[in-house]
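Let me begin by presenting the structure, written as structure tokens, before commenting on it.
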Amino acid sequence: MEKPVKDAGGGSERGGRKDGKATVNRRDFLRGVAVAGGAALLGTPSDAEALHDLTGWPNRVGMLTDLTECVGCRTCEAACNAANGLPAPEVPFDEKSVFERKRRPTASAYTVVNRYESAKGSGNPIYRKVQCNHCEEPSCASACPVRAYTKTPEGPVLYNQDVCFGCRYCMVACPYYAPAYDYESALEPKVVKCTMCHGRIKAGGIPACAGSCPVGAITFGKRDKLLKIARDKIRKSPDRYVDQIYGEFEAGGTSWLYLSGVPFGQLDFPTNLPRKPIVENTKGFLSAVPLVLTLWPALLGLCYTANRNKEEKG
Amino acid sequence: MKTKAVLTIAFCWMVAIAAAPYAGAGAPPARQAGSPKGKMPGTVLLGSLAKKYGPVKFDHEKHVGTAGNCNECHHQHGVGQAPSCGGCHTIDASSFKKNVQLGRIRPCRECHSASYDAGKLDRPTLSAAYHRACIKCHREVGSVGTDPKGCTEMCHESSAQAKAP
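Sequence lines, in order, name chains A and B. Each residue of the first sequence is one higher than the last, beginning at 203 in the numbering used here. Each residue of the second sequence is one higher than the last, beginning at 89 in the numbering used here.
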């Protein structure tokens, strides 16, 4: 069984060689290589450009946090804890001493609220809720070598522990420092972050934090609608809000949107983010990798074979 | 003689019963219209949402004095733009009642639904509306132990607290 196959392979090889001798001289071959290589190089940026025009999944949901409404009661933290079955916190949720330092989401708290003193020195403090912002084009997903992250059509960005091997590239890639790592489990790597209560959304419910906020500072709904509401609020109360919806364009836009009464930089929001998705920086290169890895060895191999044949002949 | 007396008493009774509905017409009403404050709700128990926290014993009369304007809370004419209530409404007993009946002073829940409504995302839920109305002045909610007081000290004790003796 094996022999005929081998013979057939050899036959075709020879046939190819014959064809090559008959039709392709060195110059034509090199020209062909140049054209193919150029196409490979040119093809990638134009693909990236096309992807950049993506407007996202239709009807995707989002959240709008109005920081001017938040009173720092930490009910959202408690609701998140209960909804996700997280361990009880070290300090109870009605304890305000936690505001003395700036916190980040951890493996046991998908969301935290931080306090900022009013810029004027007087007036009410400003509270900022921190969690995964569920990017429109998440950089965590692009950085992940094993596709542990999924941008769902509903909007939330989900993480799959089953395939994660704990490289933590996602934590480096995230411009908002959202993913946290569970350092407790050494053998089962686990990145932890907000899921926007994806299960609840799929079941027709709303995320726990939005449902629990006593002052309605967190609104859940279709992202398009939320943007309209946010614009309306700014238009109606220009003195109350800065003229910016954080998350509308930042790093390609996020599902989580924010309104604030003070410039976002004062509340430690990263303000140096590009408007285009961070994925754009690596997309061109990364999409060329498989092409280069598969096409170039083949082309160079052909080059080599052609040259060797010539040398043998000569 | 006896019959006459019985008839007289019976007649008197009938007159009295027939006249009873009109008796109050000429007489002054039981509660004086006097100050508008007197005819507005006194203490109101806001308990439609009571679950994790108990109902709120809201002293309406006390807040009439401290809030600058009815419109601060009853904002259905638009927030912050309407003139004082007294400018348009004569706030005495009868007109106040009439305003309520005509729906000019409507309960919060008529517009602010108690549960999430995807069609009215720009409208706070009932809980949010209540909280915002109070927190506008009682801003430092949750700063337990300091003044202004926290959620449970100021407005509503948590159900867990209520159960504990």
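Where a beta carbon is used, it is the ideal one built from N, C-alpha and C, also for glycine.
{"query": "N- and C-terminal bounds of the beta strand (DSSP E) containing Ile-480(A)", "result": "Note, Ile-480(A): premise wrong, no beta strand (DSSP E); not H, not E."}
{"query": "Where Lys-424(A) falls: helix, strand or coil (DSSP)", "result": "strand"}
{"query": "Positions along the region 412-439 of chain A whose CB lies within less than 9 angstroms of some CB in chain B", "result": "Ala-412, Gly-413, Cys-415, Pro-416, Val-417, Gly-418, Ala-419, Thr-421, Phe-422, Gly-423, Lys-424, Lys-427, Leu-428, Lys-430, Ile-431, Asp-434, Lys-435"}
{"query": "Beta-carbon spacing of Val-464(A), Ile-223(B) below 9 angstroms", "result": "no"}
{"query": "7 angstroms Cβ shell around Val-144(B) - same chain, five flanking residues per side excluded", "result": "Leu-134, Cys-243, His-244"}
{"query": "Nearest residue (CA-CA) to Leu-266(A), options Glu-514(A), Arg-477(A), Gly-423(A), Gly-503(A)", "result": "Gly-423(A)"}
{"query": "Residue nearest to Arg-220(B) in terms of C-alpha spacing, selected from Val-152(B), Lys-139(B), His-162(B)", "result": "His-162(B)"}
{"query": "Residues from the region 482-501 of chain A in contact with chain B, defined by Cβ distance under 9 angstroms", "result": "none"}
{"query": "Distance between Gly-207(B) and Lys-140(B) (C-alpha atoms, nearest Å)", "result": "26 angstroms"}
{"query": "Neighbouring residues, chain A, relative to Leu-133(B) (Cβ below 9 angstroms)", "result": "The premise fails here: Leu-133(B) is roughly 19 angstroms from chain A at the closest Cβ pair, so nothing lies under 9 angstroms."}
{"query": "Chain B within 9 angstroms of Asp-441(A), Cβ atoms only", "result": "no"}
{"query": "Inter-residue spacing [alpha-carbon to alpha-carbon] between Asp-254(B) and Ile-408(A)", "result": "There is no way to answer for residue 254(B), as the model of chain B reaches only from 89 to 253."}
{"query": "Every unbroken beta strand (DSSP E) inside the region 386-432 of chain A [3 residues or more]", "result": "420-424"}
{"query": "Below-9 angstroms beta-carbon distance, Ser-123(B) vs any chain A residue", "result": "Confidence at Ser-123(B) is low in this model, with a pLDDT of 41, below 50, so the placement of that residue should be treated as unreliable; the coordinate-derived value is given next. No - not a single Cβ of chain A is within 9 angstroms of the one on Ser-123(B)."}
{"query": "Test: Ala-216(B) CB closer than 9 angstroms to a CB of chain A", "result": "yes"}
{"query": "Cα-Cα separation between Asn-483(A) and Ala-284(A), rounded to whole angstroms", "result": "38 angstroms"}
{"query": "Chain A contact for Arg-227(B) (CB, 9 angstroms cutoff)", "result": "yes"}
{"query": "Continuous alpha helix (DSSP H) stretch holding Leu-214(B): start and end", "result": "214-223"}
{"query": "Minimum Cβ-Cβ distance from Cys-399(A) to chain B less than 9 angstroms", "result": "no"}
{"query": "Residue burial classification, Cys-225(B) (beta-carbon count within 10 angstroms, cutoff 16)", "result": "exposed"}
{"query": "Range covered by the alpha helix (DSSP H) that runs through Asn-283(A)", "result": "277-285"}
{"query": "Cross-strand partners of Met-265(A) (DSSP beta bridge)", "result": "Phe-422(A), Trp-458(A)"}
{"query": "Ordered list of alpha helix (DSSP H) runs contained in the region 143-167 of chain B, each at least 4 residues", "result": "148-154"}
{"query": "Whole-angstrom distance between Ser-462(A) and Tyr-443(A), CA atom to CA atom", "result": "6 angstroms"}
{"query": "Residues from the region 325-342 of chain A in contact with chain B, defined by Cβ distance under 7 angstroms", "result": "Asn-326"}
{"query": "Rounded C-alpha distance that separates Asp-268(A) from Tyr-460(A)", "result": "6 angstroms"}
{"query": "Helix, strand or coil at Asn-316(A) according to DSSP, with G and I counted as helix", "result": "strand"}
{"query": "Where Val-393(A) falls, given that 16 or more other Cβ within 10 Å makes a residue buried", "result": "buried"}
{"query": "CB contact check: Cys-239(B) to chain A, cutoff 9 angstroms", "result": "yes"}
{"query": "Check whether Gly-449(A) and Pro-479(A) have beta carbons under 9 angstroms apart", "result": "no"}
{"query": "Run of the alpha helix (DSSP H) containing Tyr-141(B), from where it starts to where it stops", "result": "No alpha helix (DSSP H) holds Tyr-141(B); DSSP gives it neither H nor E."}
{"query": "Residues sharing a beta bridge with Cys-337(A), DSSP", "result": "Thr-456(A)"}
{"query": "N- and C-terminal bounds of the beta strand (DSSP E) containing Val-132(B)", "result": "131-134"}
{"query": "When Gln-446(A), Cys-411(A), Ser-344(A), Gln-363(A) are compared against Gln-333(A), the one with the closest alpha-carbon", "result": "Cys-411(A)"}
{"query": "Backbone CA spacing between Gly-401(A) and Leu-502(A) [nearest angstrom]", "result": "50 angstroms"}
{"query": "Check whether Asn-362(A) and Ala-350(A) have beta carbons under 9 angstroms apart", "result": "yes"}
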